[in-house]
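Remarks on the structure that follows.
In this note's numbering, the protein residues as written are 3 to 136.
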């Protein structure tokens, strides 16, 4: 799941501007995120630009094939199927792509207002999208 809008945790990518030093840090995180991915999923992750707007990243990822999008969902810890009826969870490609952009941003450094600390999640982190200090 994505970070709810009322969550006390916000990522650097959700802020209005990403500074040069932060951009380098985010690019390193994207490189690490590619570890263990198929070539197609690596290309999808490389298509994400931490300096670009959400809309531009949506357009970039929309160039990927649907099988690549679905493989990326699974790789990033999502399930493309509704477990109650085994039908696709995402009603459209646009919804699927939006989930992927937000999921990628979920691996960027987060700042938790509730406990006044920063943290970064790994792909193997459990639970996902939660502050470990709270």
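Built from N, CA and C at the ideal position, the CB exists for glycine as well.
Element boundaries [beta strand (DSSP E), containing residue i]
| i | result |
| --- | --- |
| residue 62 | Careful: residue 62 lies outside any beta strand (DSSP E), inside the alpha helix (DSSP H) at 56 to 63. |
| residue 119 | 119 to 121 |
| residue 114 | 112 to 114 |
Same chain, Cβ closer than 6 Å to residue i, five either side skipped, listed in chain order
| i | result |
| --- | --- |
| residue 75 | 82 |
| residue 28 | 52, 110 |
| residue 84 | 91 |
| residue 66 | 46 |
Residue i versus residue j - alpha carbon distance
| i | j | result |
| --- | --- | --- |
| residue 35 | residue 47 | 8 Å |
| residue 8 | residue 112 | Residue placement at residue 8 is poorly supported in this model, since its pLDDT is 45, which falls under 50; the coordinates are not used for a value here. |
| residue 1 | residue 37 | Nothing can be reported for residue 1, as the shown portion of the chain is limited to 3 through 136. |
Residue range of the unbroken alpha helix (DSSP H) whose run includes residue i
| i | result |
| --- | --- |
| residue 72 | 68 to 77 |
| residue 42 | 41 to 49 |
Sequence-distant residues of the same chain with beta carbon closer than 8 Å to residue i, five excluded per side
| i | result |
| --- | --- |
| residue 60 | 96, 99, 100, 103 |
| residue 63 | 46, 49, 50, 71, 99, 102, 103 |
Same chain, Cβ closer than 7 Å to residue i, five either side skipped, listed in chain order
| i | result |
| --- | --- |
| residue 77 | 39, 43 |
Inter-stretch contact at 8 Å, needing at least 3 Cβ pairs: the stretch 53 to 60 / the stretch 89 to 104: Because the criterion of three Cβ pairs below 8 Å is met, the stretch 53 to 60 and the stretch 89 to 104 touch.
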